[in-house]
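The structure appears right after this line, and notes come after that.
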Amino acid sequence: ITFLVICVYYPAIFADYNSVDDLKMVNSLLNRDRIDLFSLFRPPTTFYYRPLLILTYYADLKLWGALPSFMHLGNVLIHLVNTLLVFWLGWMLYGKDDEKKKLLPLFAALLFGLHPVNTESVNWISGRTDPMGTLFVLASLLVLLYGLERKRAWYGCWAALIFLAGVMSKEVM
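First residue of the sequence shown: 15, per this note's numbering; consecutive thereafter.
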């Protein structure tokens, strides 16, 4: 899974900023002096509320100087983690019980990881909202299923917190 996803999205790592959305986002990031965490997590005056997304862009700025190759790599790695979470979810639901169904999680993960519908959100730096939100929603579902399997209700609280992180990455999550 890892090899195929990296191979398919490898060219994106060497791409420049997308002229449609990426340049506007990177320019607004570069023109900020600093980030105020209090105002970042306050309800916004704009249409979007995505504080965790802004934090990842700010981390890209501080760690890599907002180089497009590292920002693209971040998107590819988030998508890879999502693909592995889909595999794990499929394994929890189908793969461990029936010998005939062991390939189903692999097929689901590869379908998710390689499907062309994901290319925009992985290849555009500003499309990071979708992979990030998906990461938290899938992780939340896995934690919830793990808690239900072990009959531990407090896992639901962890799942809710992780889900909240997904909402703080993209509102529709």
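Using N, Cα and C, we set each Cβ at its ideal position, and we do this for glycine too. Predicted, not measured: the structure shown is a model, and the values here were computed from it.
Query raised in the report: Given Asp144, which residues of its chain have a CB within under 7 Å of its CB, disregarding the five upstream and five downstream residues?
Result: Ser135 and Lys184
Report task. Decide yes or no for the touch test of the stretch 42-50 against the stretch 67-87: beta carbon pairs closer than 8 Å, at least 3 of them. Result -> yes
Query raised in the report: Curious, which full-length alpha helix (DSSP H) runs of at least 4 residues does the stretch 77-140 contain?
Result: 82-104, 117-128 and 133-137
Requested in this report: Kindly give me the distance between the Cβ atoms of Gly147 and Gly180, rounded to whole angstroms, as I take these residues to be in contact under 8 Å.
Outcome: 5 Å
**Report entry** Reduced DSSP category for Ala29 - H, G, I as helix; E, B as strand; rest coil
**Finding:** coil
Query - Cβ-Cβ separation, Ser140 to Asp35 (assumed contact under 8 Å), whole Å - result: 4 Å
Query raised in the report: Rounded C-beta distance between Leu91 and Gly104? I'm assuming under 8 Å.
Result: About 20 Å separates the two Cβ atoms, so there is no contact after all.
Report task. Please confirm if the stretch 149-157 is in contact with the stretch 92-99, defined as three or more CB-CB distances below 8 Å between the two stretches. Result -> yes
Report task. Using only alpha-carbon positions, find the residue among Tyr160, Val157, Gly88 and Leu75 that is nearest to Arg142. Result -> Gly88
Query raised in the report: Looking only at C-alpha atoms, which of Met182, Ala122, Met106 and Lys116 sits nearest to Leu158?
Result: Met106
Query - Reduced DSSP category for Val151 - H, G, I as helix; E, B as strand; rest coil - result: helix
Report task. Can you give me the start and stop residues for the alpha helix (DSSP H) that Asp36 sits inside? Result -> Asp36 to Leu44
Query raised in the report: Near Ser154, which residues of its chain fall below 7 Å by C-beta distance, leaving aside the five closest residues on each side in sequence?
Result: Ala173, Ile176, Phe177 and Gly180
Query - Cβ-based burial, Asp74 [other Cβ within 10 Å; buried from 16] - result: buried
Requested in this report: With a cut-off of 8 Å on the beta carbons, I'd call His93 and Tyr23 a contact; round off their distance for me.
Outcome: 7 Å
Query raised in the report: What separation, rounded to the nearest whole angstrom, lies between the Cα atoms of Leu7 and Arg48?
Result: Here the chain covers residues 15 to 187 and nothing more, so residue 7 does not appear.
**Report entry** Residue range of the unbroken alpha helix (DSSP H) whose run includes Ile176
**Finding:** Tyr169 to Val181
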